[in-house]
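Asks:
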Amino acid sequence: MQIYNTLIRRKEKMEPRQAGKISMYVCGPTTYNFIHLGNARPLVVFDTLRRYLRYKGYAVNYIQNFTDIDDKIINRAREEREDPILLARKYVEEYFRDADALNVLRADVHPRVSEHLTEIVEMVRLLMERGHAYEVDGDVYFDISSFSGYGKLSGRSPEDMQAGARVEVDPRKRHPMDFVLWKAAKTGEPAWESPWGPGRPGWHIECSAMSRKYLGDNFDIHGGGYDLIFPHHENEIAQSEAVTGNTFARYWMHNGFITVNQEKMSKSLGNFFLVREILDKFPPETVRFFLLSTHYRSPLDFDDEKLAASGRGLERIKNCIRLMDEAAGSSARQDMNGEDKVLAGLLERRRQEFESALDDDLNTALAIGIVFDAVGDINSYLHKASQGEAVCPAVISKARGLLEVFNSILGLFGTDASGKIILDGQDQGEGKLVGDLMDLIIRIRQEARLRKDWATADSIRNGLKDVGIILEDTPSGVRWKK
RNA sequence: GGCGACAUAGCCAAGUGGUAAGGCAGAGGACUGCAAAUCCUCCACUCCCCGGUUCAAAUCCGGGUGUCGCCUCCA
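So in the numbering used here the end of the first sequence lands on 1157, straight run, no missing numbers.
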């Protein structure tokens, strides 16, 4: 598999440190609010990467942190007259509700800053001991001049950045780009004991300390949003490598932004949409599909019309699954004929194309194109079969199995424990009562149709449409779906 | 001021040297009482512009133009 590595600015072959195992760390949210769509992109992208690596047979150790101690949390808690720790805890819970809805699998560990003060203080202490940090009035700063590789990820030298500095420089810092490792507590703020007095960690040190605890001095993949390259990830490298003397992460992956009217969606611009709000209007699989329909490094512009178009595209895949299930249930042909073998061959080819798409820097947009190609192959086969011989259930089972493999990686549709795709509709969800009622309504309408009472038949169909149920008359019977 | 990314049909989007995937929307046909779904066919002589390299460029190089991002909390 090839991965675009921000460190060298090109794709390279991904070779894990240990054969068959991959360690991944992805920067998670600061929990002071519900997540917005921009926050959701890395979740879905790296979840998909993780699923694909698993599919390829790797044992993946996946760590995603929560920043639950931070200025923004403290400010928010003050506004709401709540305890900062409890507020952060609440938004961790809310985070999981959104992530679960988007079918993002839980990480192996979700470490929180508030539970790793010991490791963080120890790391700062080591940086002090080794001459990479200095203390001023209870604050501890990292001394970037002590780390020769500073700037290697973001591709800028300390001199470049000084030239355009847009912030007032704290005069207590030796170099303007020095950054805080430990902040002395102000009155009323949560604080933890340290050799430099009570305080709390700076933003960057947590990821260095927690990734080290769970993945060791070096690991394979570090992911996050593009805007974390500088300063966050640059600083993580400096801290970690200064302490360990080892290369930190080998492959750095950064997702592009979600934009609104071509502008970055961000909290400071106020143009963000909460995942929760979007899920009120669109099903979660549509949102996930939308997020994966563009390559992860490209910007992705959001609006309702684009999401709606994604939903219509997804419907095509769902229809294919419904058609397969109907056809398979109506046939018991055993032996494979020529058409069956042609489809079987095409399916195998699609599997390979799908894999090579994802092998090329997780090209989910291409992979989704391959899914549609497979859907076209299957629909054509079903159409031909409907006019001649019945389908061969064994080939249909293979086809459905292929879509389930695709789904196990893209994570679009809900499944049962064995990975079988479960769609809304008569299969499940509403329970037996709705199914029975639908059977009754359809029977009454069919009687009307037999009498050629089209007015009644159409009235029933239109009425159901108004409550969100689609009726489709087919030669073999009536199909309904939500 | 420094650094970087992107520009492909009405919309979304893949494609890094060999003659433009896929989806949405749209047109025609098949099927249907009608609709929907599905199938078949059509829908970019051309990839922001101008030069150059090459037998061959959307793809490489140079120069423009435009949009966006990072340098400050931000996925």
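For every residue, glycine included, the Cβ atom is placed at its ideal position computed from N, Cα and C.
1. Suppose contacts are defined by Cβ-Cβ distances below 7 Å. Is residue 1096 in contact with residue 1090 by that definition?
2. What do you get for residue 857, buried or exposed, if any count of 16 or more other CB atoms within 10 angstroms of its CB means buried?
3. I'd like the list of long-range same chain contacts for residue 680, defined as Cβ closer than 7 Å, with 5 residues on each side in sequence excluded.
4. Count the CB pairs spanning the region 761-768 and the region 813-833 that are closer than 8 Å, and state whether there are at least three.
5. Please report how far the alpha carbon of residue 996 lies from the alpha carbon of residue 989, in whole angstroms.
6. Looking at the secondary structure, which residues open and close the beta strand (DSSP E) in which residue 875 lies?
7. Who are the near neighbours of residue 1053 in its chain, counting only those whose CB is closer than 6 Å to its CB and skipping five residues on each side?
8. Going by C-alpha distance, which of 884, 719, 693, 1114 is nearest residue 1086?
9. Runs of 4 residues minimum, wholly inside the region 872-955: which ones carry the alpha helix (DSSP H) assignment?
10. Determine the extent of the beta strand (DSSP E) in which residue 699 is found, giving its start and end residues.
11. Take residue 692 and list the residues in its own chain whose beta-carbon comes closer than 8 Å to its own, dropping the five residues that flank it on each side.
12. Could you give the first and the last residue of the continuous alpha helix (DSSP H) run that contains residue 857?
13. Which stretch, first to last residue, makes up the alpha helix (DSSP H) that contains residue 990?
14. Helix or strand or just coil, what does DSSP make of residue 1009?
15. If distances are taken between C-alpha atoms only, which option among 966, 950, 1065 comes closest to residue 1007?
16. Quick one: Cα of residue 1154 to Cα of residue 1113, how far?
17. Spatial neighbours of residue 804 within its chain, please: CB distance less than 7 Å, with the 5 preceding and 5 following residues excluded, ordered by chain position.
18. Looking at the unbroken alpha helix (DSSP H) that takes in residue 762, where does it start and where does it end?
19. Should the region 876-884 be called in touch with the region 780-795, which here means at least 3 C-beta pairs below 8 Å?
20. For residue 680, which of helix, strand or coil comes out of DSSP?
21. Ends of the alpha helix (DSSP H) at residue 738?
22. Since residue 1033 and residue 727 are thought to touch, with beta carbons under 8 Å apart, how far apart are those beta carbons, to the nearest angstrom?
23. Where does the unbroken beta strand (DSSP E) through residue 809 begin, and where does it stop?
24. Taking the alpha carbon of residue 828 as the point to measure from, which residue in 898, 682, 1077, 960 has its own alpha carbon closest?
25. Confirm, please, whether the CB-CB distance from residue 1049 to residue 1025 is below 7 Å.
26. Using alpha carbons as the reference points, say which of 736, 772, 676 lies closest to residue 689.
27. Starting from residue 1149, trace the beta strand (DSSP E) in both directions and tell me its first and last residue.
Replies: Let's see:
1. As a position in the first sequence, residue 1096 is number 421, starting the count at 1. As a position in the first sequence, residue 1090 is number 415, starting the count at 1. Closer than 7 Å, so yes.
2. One-based indexing of the first sequence puts residue 857 at position 182. Buried.
3. Numbered from 1 along the first sequence, position 5 holds the residue referred to as residue 680. Excluding residues within five positions, the ones whose Cβ falls inside 7 Å are 687, 926, 927.
4. no
5. For the purposes of this step, residue 996 is taken as the residue at position 321 of the first sequence. For the purposes of this step, residue 989 is taken as the residue at position 314 of the first sequence. Their Cα atoms are separated by approximately 11 Å.
6. One-based indexing of the first sequence puts residue 875 at position 200. It spans 874-876 - the beta strand (DSSP E) in which residue 875 sits, taken as one unbroken run.
7. Indexing the first sequence from 1 puts residue 1053 at position 378. Excluding residues within five positions, the ones whose Cβ falls inside 6 Å are 995, 1074.
8. Within the first sequence, the letter at position 411 stands for residue 1086. Nearest C-alpha to residue 1086: 719.
9. 880-890, 909-919
10. Your numbering for residue 699 matches position 24 in the first sequence. Looking at the DSSP string, the run of the beta strand (DSSP E) that includes residue 699 is 696-701.
11. The sequence position of residue 692 within the first sequence is 17, counting from 1. 698, 893, 894, 895, 925, listed in sequence order.
12. The residue labelled residue 857 in the question sits at position 182 within the first sequence. Where residue 857 is concerned, there is no enclosing alpha helix (DSSP H), although the beta strand (DSSP E) it sits in stretches over 854-859.
13. Numbered from its first residue, the first sequence carries residue 990 at position 315. From DSSP, the alpha helix (DSSP H) with residue 990 extends over 979-1004.
14. Stepping through the first sequence from its first residue, residue 1009 is reached at position 334. Residue 1009 falls in the coil class under three-state DSSP.
15. Sequence index remark: in the first sequence, residue 1007 carries index 332 (1-based). The shortest Cα separation from residue 1007 among 966, 950, 1065 belongs to 1065.
16. The residue labelled residue 1154 in the question sits at position 479 within the first sequence. The residue labelled residue 1113 in the question sits at position 438 within the first sequence. Rounded to whole angstroms, residue 1154 to residue 1113 spans 10 Å at the Cα level.
17. Within the first sequence, residue 804 is the residue found at index 129, counting from 1. Hits under 7 Å: none found.
18. Working through the first sequence from its first residue, we reach residue 762 at position 87. Note, residue 762: alpha helix (DSSP H), 759-776.
19. yes
20. Locating residue 680 in the first sequence gives position 5, where the first residue counts as 1. Correct three-state label for residue 680: strand.
21. Stepping through the first sequence from its first residue, residue 738 is reached at position 63. Where residue 738 is concerned, there is no enclosing alpha helix (DSSP H), although the beta strand (DSSP E) it sits in stretches over 734-739.
22. On the first sequence, residue 1033 is found 358 positions in, with the first residue counted as 1. On the first sequence, residue 727 is found 52 positions in, with the first residue counted as 1. Contact holds; Cβ gap of about 5 Å.
23. Mapped onto the first sequence, residue 809 falls at position 134. Segment 808-811, the beta strand (DSSP E) holding residue 809.
24. Numbered from 1 along the first sequence, position 153 holds the residue referred to as residue 828. Residue 828 has its Cα closest to that of 682, out of 898, 682, 1077, 960.
25. In the first sequence, residue 1025 corresponds to position 350, counting from 1. In the first sequence, residue 1049 corresponds to position 374, counting from 1. A contact, by the Cβ cut-off of 7 Å.
26. Looking up residue 689 in the first sequence gives position 14. Comparing Cα positions, the closest option is 676.
27. The sequence position of residue 1149 within the first sequence is 474, counting from 1. Residue 1149 -> beta strand (DSSP E) spans 1145-1149.
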